[in-house]
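What follows is a single structure, written as structure tokens, with notes after it.
Numbering (this note's numbering), first residue to last: 27 to 160.
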């Protein structure tokens, strides 16, 4: 998987199924985690291209949970609004799938920490950006 920066063109981030590339037009952690969740969901479940409601809900909720587990503050209102735009009923259908995506990321992050790989500390700006805590 590759991660690249991109110029803003009506999206903050994308995940390309064919090239397995995340493209980011935003420095926000939640955008990266959302696209990472798409990449993991694709790896585990072979997702479809496009804005499929179930896939978007999995990515957004997974990103929020991963951010929380990492100790980051995120804007819950934004997460809620994004999921509501696809329908909260989708969320109830995908809890097990969200759990698999989150577990995949957490297990690999834990292994990296145990292996002594450096983990970047949060900057003061990242901590100060949010008004709510998950």
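Yeah, the Cβ is synthetic: ideal placement off N, Cα and C, and Gly gets one too.
Taking 6 Å as the limit between beta carbons, can you name the residues of its chain near residue 41, skipping five residues before and five after?
48, 61, 64 and 65
What is the DSSP secondary structure of residue 95, reduced to helix, strand or coil?
helix
Check the C-beta distance from residue 117 over to residue 109 and give it rounded, since I have them as a contact under 8 Å.
6 Å
Between the alpha carbons of residue 125 and residue 88, how many angstroms are there, rounded?
8 Å
My output table needs one value for residue 42: the three-state DSSP class, helix, strand or coil.
strand
Would residue 120 pass as a contact of residue 91 if the rule is Cβ separation under 7 Å?
no
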